[in-house]
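Undergrad: Residues in the sequence shown are numbered consecutively from 6, following the working numbering.
Handing you a structure now.
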Amino acid sequence: MAQHAEDDFVDYEAAPSSVSSVVPIPTVASIIGETATPAAQPTPLTTIPRGPWYAVWERHSIHEFHSELYIFAFIGLIIFAHLWGTKRNKARAKKWISVHAPVLAKEFAMVGFPGDGKSNTDRPDGLETVPLLKELGPLEYVSYASGRQNIAFVNIAIQLKRRNNPIAMAIETAVGFLWDSMPATTDTAIITIAPFDGGNGTGQSTKYDNFVFGFVNKNCVRKYREERFDMSLAKTSEGTILGLPNWSLTLSEGAELTQIVKTPELIDAVKDMGSEGFEFLLATDQPIERPTTLQECEPKKRITLRIPITDASLEQNSASTKLLGSVIRWIDHIVATAHFRPEVARKIKATRDIEIKRLKKIEEDEKATELLAKRAEEKKKERDAKLRNLSADEQKKFLEREKEKELRKTSKKMMKKA
6 MAQHAEDDFV DYEAAPSSVS SVVPIPTVAS IIGETATPAA QPTPLTTIPR GPWYAVWERH
66 SIHEFHSELY IFAFIGLIIF AHLWGTKRNK ARAKKWISVH APVLAKEFAM VGFPGDGKSN
126 TDRPDGLETV PLLKELGPLE YVSYASGRQN IAFVNIAIQL KRRNNPIAMA IETAVGFLWD
186 SMPATTDTAI ITIAPFDGGN GTGQSTKYDN FVFGFVNKNC VRKYREERFD MSLAKTSEGT
246 ILGLPNWSLT LSEGAELTQI VKTPELIDAV KDMGSEGFEF LLATDQPIER PTTLQECEPK
306 KRITLRIPIT DASLEQNSAS TKLLGSVIRW IDHIVATAHF RPEVARKIKA TRDIEIKRLK
366 KIEEDEKATE LLAKRAEEKK KERDAKLRNL SADEQKKFLE REKEKELRKT SKKMMKKA
């Protein structure tokens with residue numbers, strides 16, 4: 006019995022306990038530590054060496070600024086094109102005036118813009134130290150000459166292409182190629198000669214009759230006859246009648262006038278220019294734009310020469326220098342011969358009288374309209390003053406009578422129309 010009890014005790018000791026043992030909960034760190042490979046272990050942080058505050062190249066790379074580099078390159082290209090185009094235009098203008106300055110110096114006492122006001126003959130070095138051009142902008146330069154018999158002054162305007170803005174120049178060229186009505190800008194010299202026409206205090210010695218005469222290139226005659234009022238007054242005829250090439254036309258207000266004012270020297274000079282080097286030459290007394298007032302109809306004589314600046318015109322003794330000298334001397338012939346017979350003068354005057362009559366009629370109509378408006382305003386003031394002095398019943402009767410009058414007028418108008 007005792008042995009049996011001991012066996013029972015032993016079995017009890019050997020039997021597993023019914024109470025489960027406590028198992029520790031694993032942590033994230035322990036799991037990572039057990040499963041991670043040596044390659045996945047985090048590397049210890051190291052201190053990045055930092056230079057001085059201004060060492061930007063140690064903290065940034067050029068590869069971070071690709072877009073900025075493209076922008077700066079584009080801006081630099083635009084600035085370079087502007088500077089190159091401006092310099093190119095200035096060089097072209099200087100070259101043209103230097104080629105034609107000897108012709109001007111031969112004909113005029115003062116050329117360019119001398120600061121001391123001395124004439125060409127008073128300068129031992131000639132025109133070498135005189136600024137011949139004045140810059141109005143990258144696209145326009147001007148020059149000046151004065152001091153000659155029969156001529157008050159000469160203005161020269163040099164207009165150039167938009168070389169300082171290649172994008173705009175390309176657009177203008179494309180538009181001019183597609184539409185004839187919008188031609189592209191070209192290098193052009195515009196010479197305007199202002200004669201004294203009796204305004205130099207010497208009486209009638211420099212005065213001559215009014216007329217419009219000239220030569221024009223067929224390629225641009227339509228454009229200028231639409232743009233210029235003075236050119237539209239003259240009739241066109243083939244230049245071959247005067248011995249000019251077939252690319253030219255003569256502008257004149259009469260056959261007799263043509264025979265009087267033309268000169269062989271001028272015709273030969275125009276002929277030598279060629280179609281590519283000549284636009285028009287015009288002697289006129291009328292404004293460029295159609296006059297809008299009687300004051301604008303006053304004669305203002307001048308001679309205008311417009312020629313393209315070609316590479317050939319930049320060479321010494323070019324055809325354009327010959328033409329410029331011929332045009333300057335042409336004024337002497339005009340002053341001496343442009344005194345027409347009464348019949349020719351009356352015909353020329355009749356053309357101008359048509360425009361004067363038109364403007365007078367416009368002025369008379371405007372005055373009549375103003376007078377009617379003034380009378381209507383005065384009548385309204387009288388009516389308002391009369392109404393203020395009436396009683397309410399009288400005002401009502403007055404307005405009714407006005408209404409009846411208006412109705413009668415309206416009915417009469419309708420009956421007349423019927």
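Beta carbons are placed, not taken as given, at the ideal position from N, Cα and C, and that holds for glycine.
Computed from a predicted model, the values in this text were never measured in an experiment.
Work out the CA separation of Ile83 and Phe234 for me, nearest whole Å.
TA: Locating residue 234 in the sequence shown gives position 229, where the first residue counts as 1. Locating residue 83 in the sequence shown gives position 78, where the first residue counts as 1. Going from the Cα of Phe234 to the Cα of Ile83 covers about 40 Å.
Undergrad: What are the boundary residues of the beta strand (DSSP E) that includes Arg307?
TA: On the sequence shown, residue 307 is found 302 positions in, with the first residue counted as 1. Element bounds for Arg307: Arg307 to Pro313.
Undergrad: When we look at the beta-carbon of Tyr59 and count the other beta-carbons within 10 Å, is it buried (16 or more) or exposed?
TA: The residue labelled residue 59 in the question sits at position 54 within the sequence shown. Exposed, by the Cβ-count rule.
Undergrad: Does Tyr75 pass the burial test, meaning 16 or more other C-beta atoms within 10 Å, or should it be called exposed?
TA: Locating residue 75 in the sequence shown gives position 70, where the first residue counts as 1. Classification of Tyr75: exposed, given that the 10 Å Cβ count is below 16.
Undergrad: So is Met278 buried or exposed if we call it buried at 16+ other beta carbons inside 10 Å?
TA: If you number the sequence shown from 1, residue 278 lands on position 273. The residue in question, Met278, is buried, as its Cβ has 16 or more Cβ neighbours within 10 Å.
Undergrad: If I measure Cβ to Cβ from Thr309 and keep anything under 6 Å in the same chain, skipping five residues before and after, which residues do I get?
TA: By 1-based counting over the sequence shown, the position of residue 309 is 304. Taken in chain order, the residues that qualify are Thr197 and Leu287.
Undergrad: Looking only at its chain, what residues have a beta carbon closer than 6 Å to the beta carbon of Met115, apart from the 5 residues adjacent to it on each side?
TA: In the sequence shown, counting from the first residue as 1, residue 115 sits at position 110. Contacts found: Ser124, Ser151 and Gly152.
Undergrad: Using the C-alpha atoms, what's the distance from Asn170 back to Ser66?
TA: Reading the sequence shown from its first residue, position 61 is the one you call residue 66. Reading the sequence shown from its first residue, position 165 is the one you call residue 170. Between Ser66 and Asn170, the C-alpha separation is close to 35 Å.
Undergrad: Determine whether the beta carbon atoms of Thr326 and Val108 lie at a separation below 8 Å.
TA: Indexing the sequence shown from 1 puts residue 326 at position 321. Indexing the sequence shown from 1 puts residue 108 at position 103. Taking 8 Å as the Cβ cut-off, Thr326 and Val108 qualify as a contacting pair.
Undergrad: Please report the straight-line C-alpha distance between Thr245 and Ala324, rounded to a whole angstrom.
TA: Numbered from 1 along the sequence shown, position 240 holds the residue referred to as residue 245. Numbered from 1 along the sequence shown, position 319 holds the residue referred to as residue 324. One C-alpha to the other measures close to 20 Å.
Undergrad: Return the CA-CA distance between Glu407 and Asn215, expressed in angstroms with no decimal places.
TA: Taking the sequence shown and counting its residues from 1, the one referred to as residue 407 is at position 402. Taking the sequence shown and counting its residues from 1, the one referred to as residue 215 is at position 210. Answer to the nearest angstrom: the Cα atoms are 58 Å apart.
Undergrad: DSSP three-state label for Asn4, please.
TA: Residue 4 lies beyond the residue range present for the chain, which begins at 6 and ends at 423; the question has no answer from this structure.
Undergrad: Using 10 angstroms around the beta-carbon of Val180, count the other beta-carbons present and answer buried if the total reaches 16, otherwise exposed.
TA: Your numbering for residue 180 matches position 175 in the sequence shown. Label assigned to Val180: exposed.
Undergrad: On the CB-based measure, 16 or more other CB atoms within 10 Å of its CB, does Glu284 come out buried or exposed?
TA: As a working mapping, residue 284 is identified with position 279 in the sequence shown. Buried.
Undergrad: Measure the C-alpha to C-alpha separation of Ile37 and Glu73 and round it to an integer number of angstroms.
TA: Locating residue 37 in the sequence shown gives position 32, where the first residue counts as 1. Locating residue 73 in the sequence shown gives position 68, where the first residue counts as 1. Reliability of the predicted coordinates at Ile37 is poor, the pLDDT of 46 falling under 50, and no value is obtained from them.
Undergrad: Can you confirm whether the region 290 to 310 touches the region 383 to 403 when touching is taken to mean that 3 or more C-beta pairs between the two stretches lie within less than 8 Å?
TA: Because the criterion of three Cβ pairs below 8 Å is not met, the region 383 to 403 and the region 290 to 310 do not touch.
Undergrad: What's the gap between the Cα of Gly219 and the Cα of Lys166?
TA: Taking the sequence shown and counting its residues from 1, the one referred to as residue 219 is at position 214. Taking the sequence shown and counting its residues from 1, the one referred to as residue 166 is at position 161. Those two C-alpha atoms are separated by around 27 Å.
Undergrad: Between Ile163 and Tyr146, how many whole angstroms is the CB-CB distance? I'm expecting something under 8 Å.
TA: Here residue 163 refers to the residue found at position 158 of the sequence shown. Here residue 146 refers to the residue found at position 141 of the sequence shown. Right, their Cβ atoms sit about 4 Å apart.
Undergrad: Mind checking who Gln164 pairs with in its DSSP beta bridge?
TA: Here residue 164 is taken as the residue at index 159 of the sequence shown, counted from 1. The partner list for Gln164 (beta bridge, DSSP) reads Glu145 and Thr193.
Undergrad: Here's the rule I'm using: 16 or more other beta-carbon atoms within 10 Å means buried, otherwise exposed. How should Phe345 be labelled?
TA: Along the sequence shown, read from residue 1 onward, the residue named residue 345 stands at position 340. Looking at its Cβ environment, which holds 16 or more other Cβ atoms inside 10 Å, Phe345 is buried.
Undergrad: Give the single residue among Gly117, Arg128, Gly142 and Ser103 whose Cα lies nearest to the Cα of Leu88.
TA: If you number the sequence shown from 1, residue 88 lands on position 83. Checking every option, the nearest Cα to that of Leu88 belongs to Gly142.
Undergrad: Quick check on this structure: which residue in Phe79, Val266, Thr263 and Ser253 has the alpha carbon closest to the alpha carbon of Val275?
TA: As a position in the sequence shown, residue 275 is number 270, starting the count at 1. It is Ser253.
Undergrad: Here's the rule I'm using: 16 or more other beta-carbon atoms within 10 Å means buried, otherwise exposed. How should Pro200 be labelled?
TA: Within the sequence shown, residue 200 is the residue found at index 195, counting from 1. Answer is buried; the Cβ neighbour count reaches 16.
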